[in-house]
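Contents: one structure, followed by commentary.
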Amino acid sequence: MRFATLTRQPDDPLLRIIGQHAADPRTNKIDLGVGVFRDEEGRTPVMTAVKAAEARLLTEQPSKSYLGPEGDIGFVRALATLVLGDAVAAERVVGLQTPGGTGALRLAAELLARSGVERIWIGSPSWANHAPLFRQAGVEPAMIPCFDLNTQSFDLDGFLTGLGEAGAGDAVLLHGCCHNPIGIDPDAAGWHAIASRVAERGLLPVVDLAYQGLGDGFDVDAQGARTILAAVPEALLAYSCDKNFGLYRERTGALFAVTPDRDSGATVFSNLLALARANWSMPPDHGAAIVRIILEDESLTAEWREELETMRQRLESLRAALAAGGRIGTIDLAAVAHGKGMFATLPLSPTQVEWLRDRHAIYMAGSGRINIAGFNMAAVQTFHEALRDMVA
Ligand code: PMP
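Under full-length UniProt numbering, the first residue of the sequence shown is numbered 1, with each subsequent residue one higher.
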């Protein structure tokens, strides 16, 4: 009876919140929990460029025969050009398609473990899946507390000091843009300071870029990643297309490795292929084929970029509306304007989060993380009033 040795695992707290929200009969309920983009009507629509690419795929795809553990190479190449620009010489980069950004991170973690990396330094708090994912693959996460929720700021000095304890050959995880769950990224000077520290300590950076285009703009959002990758001999970049192409369930991502030269790149690539083969054999094709069709077609690319920019602007204006609430009790909403992307984490206690849910039908993660896209302009006002009621 081997299964009798297992212990019951806790439910995913965010899934529990989704269930509670669905069961709540109140019509004015607000869902700030799940991390997907929503429009003003609360929908997560398929992007029109994606629909057009899917239509093309339906009529033109010649075969569904296997591709290989590297996935759709046209997709990988187009994405590399788009994301990396000329930050790193092409012969130093290898890449393969993965099942989402999570698949890319998992492969990154296994490659690190295979390379003898024992520890990865992660600014805290981070995406809830980061620490378990690396630990599961045999790389121990070391957390560096470096965010102040009251001022909504990233403590660059604290982070750099934390990295001062890292040993040569340790890895460090960096959110490329639109930090999840805080929404606060380093500025350009901060990225350069981090790049210098990473290079001087001989650390291997793993950049997680899951929200490109939802922060300051598509190219600006890649600058941090480019700064880091250009500064070191070896690095990994885990990329997700699930948010910026709205492909979530299609599980579309890629892992890129920066290596010192073409020869070491070939060795790294062969290891990535072997790891992919032992995990999922080959990634699912549909989402990557859609992204490739869009990126290979100028007019579809322009259409997608425009839609993405509309999404970005919606987040920006909601964030500004939220920040206009100013200081409510000890909560300085104005500071939320410093952030970018879909998320912010408010300095709310679990009791306050619960109170907002019970009293005002406002649902968010127990940590106080909110999905900015879960608001519409009316809901922002409701949220301000609920906070005022809470501190009254
Ligand atoms: N990294 C971060 C920071 C994320 O927030 C997410 C998704 N929530 C991912 C990676 C994984 O993305 P995907 O859905 O493509 O696996």
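Idealized CB from N, CA, C, for every residue including glycine.
Fill in: Stretch pair the stretch 274-292 + the stretch 124-142: three plus CB contacts closer than 8 angstroms
A contact between stretches requires three or more CB pairs, one per stretch, nearer than 8 angstroms, and the stretch 274-292 fails this requirement with the stretch 124-142.
Worksheet item: Between G390 and L356, which are expected to be in contact by the criterion C-beta below 8 angstroms, what is the C-beta distance as a whole number of angstroms?
Response: For the purposes of this step, residue 390 is identified with residue 390 of the sequence shown, where counting begins at 1. For the purposes of this step, residue 356 is identified with residue 356 of the sequence shown, where counting begins at 1. With the sequence shown as reference, residue 390 is identified as Met, and Gly is not the correct amino acid for it. Confirmed, about 7 angstroms.
Discussion item. I'd like to confirm something about D86: is its beta-carbon nearer than 7 angstroms to some heavy atom of the ligand PMP, or not?
Written reply: As a working mapping, residue 86 is identified with position 86 in the sequence shown. Shortest gap from the CB of D86 to any heavy atom of the ligand PMP: 7 angstroms or more.
Worksheet entry | Ordered list of beta strand (DSSP E) runs contained in the stretch 243-283, each at least 3 residues | Taking only runs of at least 3 residues, the beta strand (DSSP E) segments lying wholly in the stretch 243-283 are 252-258.
Worksheet entry | Every unbroken alpha helix (DSSP H) within the stretch 279-345, with a cutoff of 4 residues, ordered by chain | Here the runs fully enclosed are 286-295, 298-323.
Fill in: Closer than 7 angstroms: residue 395 CB and nearest the ligand PMP heavy atom
Residue 395 cannot be examined here, being either before or after the span of the chain that is shown, 1 to 392.
Worksheet item: So what's E140 in DSSP terms, helix, strand or just coil?
Response: In the sequence shown, residue 140 corresponds to position 140, counting from 1. Looking at E140 - three-state DSSP - the assignment turns out to be strand.
Fill in: Rounded C-alpha distance that separates G341 from A4
As a working mapping, residue 341 is identified with position 341 in the sequence shown. As a working mapping, residue 4 is identified with position 4 in the sequence shown. Between the alpha carbons of G341 and A4 lies a gap of roughly 44 angstroms.
Discussion item. Can you tell me whether A210 is helix, strand or coil according to DSSP?
Written reply: Taking the first residue of the sequence shown as position 1, residue 210 is located at position 210. Three-state DSSP puts A210 in coil, outside helix and strand.
Worksheet item: Where do the ends of the beta strand (DSSP E) carrying G95 lie?
Response: Indexing the sequence shown from 1 puts residue 95 at position 95. Unbroken beta strand (DSSP E) run through G95: 93-99.
Worksheet entry | Through-space distance from V117 to G183, alpha-carbon basis | Within the sequence shown, residue 183 is the residue found at index 183, counting from 1. Within the sequence shown, residue 117 is the residue found at index 117, counting from 1. Straight-line Cα distance between these residues: approximately 28 angstroms.
Worksheet item: In the structure shown, what three-state DSSP assignment does I228 receive?
Response: Translated into positions along the sequence shown, residue 228 becomes position 228. The answer is helix: DSSP assigns I228 an H, G or I state.
Worksheet entry | alpha helix (DSSP H) segment containing S196, residue limits | One-based indexing of the sequence shown puts residue 196 at position 196. 188-200 is the span of the alpha helix (DSSP H), which, as asked, contains S196.
Practice prompt. Using 10 angstroms around the beta-carbon of M311, count the other beta-carbons present and answer buried if the total reaches 16, otherwise exposed.
Written response: For the purposes of this step, residue 311 is taken as residue 311 along the sequence shown, with counting starting at 1. Buried is the call here.
Item to complete: Would you tell me roughly how many angstroms separate the C-alpha atoms of T161 and R2, rounded to the nearest one?
Response: Your numbering for residue 161 matches position 161 in the sequence shown. Your numbering for residue 2 matches position 2 in the sequence shown. Taking the straight line joining both Cα atoms gives about 45 angstroms.
Worksheet item: Is it the case that the CB of A365 approaches a heavy atom of the ligand PMP more closely than 7 angstroms?
Response: On the sequence shown, residue 365 is found 365 positions in, with the first residue counted as 1. No, the Cβ of A365 stays beyond 7 angstroms of every heavy atom of the ligand PMP.
Worksheet entry | Counterpart residues of V172 in DSSP-defined beta bridges | To locate residue 172, count along the sequence shown from 1; it is residue 172. Beta-bridge annotation (DSSP): V172 is paired with W121, P205.
Discussion item. I'd like to know whether the C-beta atoms of L111 and N244 end up nearer to each other than 8 angstroms.
Written reply: Mapped onto the sequence shown, residue 111 falls at position 111. Mapped onto the sequence shown, residue 244 falls at position 244. No, the pair does not count as a contact, with Cβ atoms beyond the cut-off.
Practice prompt. Name the residue from A166, N376, A337, I328 whose alpha carbon lies nearest to the alpha carbon of A386.
Written response: Translated into positions along the sequence shown, residue 386 becomes position 386. Nearest in C-alpha terms to A386, of all of A166, N376, A337, I328, is I328.
Fill in: Same chain, Cβ closer than 7 angstroms to Q97, neighbours up to 5 away in sequence not counted
Against the sequence shown, residue 97 aligns to sequence position 97. Cβ neighbours of Q97 beyond the five flanking positions: E70, G71, D72, F75, V76, A254, P283, A288.
Item to complete: Compute the distance between the beta-carbons of V207 and L174, then report whether it is under 8 angstroms.
Response: The count along the sequence shown starts at 1 and reaches residue 207 at position 207. The count along the sequence shown starts at 1 and reaches residue 174 at position 174. It is a contact, given that the beta carbons lie within the stated cut-off.
Item to complete: Keeping to the same chain, check which residues put their C-beta closer than 7 angstroms to that of A52; ignore five residues upstream and five downstream.
Response: As a first step, residue 52 is located in the sequence shown; it is residue number 52 there, counting from the start. The beta carbon of A52 is closer than 7 angstroms to those of L300 in its chain, skipping five residues each way along the sequence.
Worksheet item: Which partner residues of N371 appear in the DSSP bridge assignment?
Response: Along the sequence shown, one-based indexing puts residue 371 at 371. In DSSP, N371 forms a bridge with F343.
Fill in: Three CB pairs or more closer than 8 angstroms across the stretch 221-234 and the stretch 140-156
In short, these stretches do not touch, since the Cβ pair count stays below three.
Discussion item. Would you say the beta carbon of A210 is closer than 7 angstroms to some non-hydrogen atom of the ligand PMP?
Written reply: To locate residue 210, count along the sequence shown from 1; it is residue 210. A210: yes, Cβ under 7 angstroms from the ligand PMP.
Discussion item. Determine whether the beta carbon atoms of G374 and L32 lie at a separation below 8 angstroms.
Written reply: Residue numbering aside, residue 374 sits at position 374 when the sequence shown is read from its first letter. Residue numbering aside, residue 32 sits at position 32 when the sequence shown is read from its first letter. Going by C-beta atoms, G374 is nearer than 8 angstroms to L32.
Discussion item. With H, G and I counted as helix, E and B as strand and the rest as coil, what does DSSP make of L149?
Written reply: What you label residue 149 is simply residue 149 of the sequence shown in a count that begins at 1. It is coil, neither helix nor strand.
Discussion item. Which residue wins for smallest C-alpha separation from V46, given the options D242, D219, D216, P125?
Written reply: Along the sequence shown, one-based indexing puts residue 46 at 46. If we check each option's Cα against that of V46, D242 comes out closest.
Discussion item. Using the three-state DSSP reduction, which class does F154 fall into: helix, strand or coil?
Written reply: Position 154 of the sequence shown holds residue 154. Strand, per DSSP.
Practice prompt. Identify every residue that forms a DSSP beta bridge with S240.
Written response: As a working note, residue 240 is residue 240 in the sequence shown. The partner list for S240 (beta bridge, DSSP) reads G253.
Discussion item. DSSP three-state label for A361, please.
Written reply: Against the sequence shown, residue 361 aligns to sequence position 361. It is coil, neither helix nor strand.
Worksheet item: Do the stretch 319-328 and the stretch 120-132 touch if we need at least three Cβ pairs shorter than 8 angstroms?
Response: No, the stretch 319-328 does not touch the stretch 120-132.
Worksheet entry | Nonlocal neighbours in the same chain, by C-beta distance under 7 angstroms from A199, ignoring five residues either side | Within the sequence shown, numbered from 1, the residue matching residue 199 stands at position 199. A231, V232, listed in sequence order.
Worksheet item: What residues are listed by DSSP as bridge partners for I30?
Response: Residue mapping note: residue 30 aligns to position 30 of the sequence shown, counting from 1. The bridge partners DSSP lists for I30 are I362.
Practice prompt. Spell out the partners DSSP gives A235 in its beta bridges.
Written response: What you label residue 235 is simply residue 235 of the sequence shown in a count that begins at 1. Listed as beta-bridge partners of A235 by DSSP are V258.
Practice prompt. Going by CA-CA distance only, name the one from A166, Y239, D221 that's closest to residue 400.
Written response: This structure cannot speak to residue 400, because the chain is shown only from 1 to 392.
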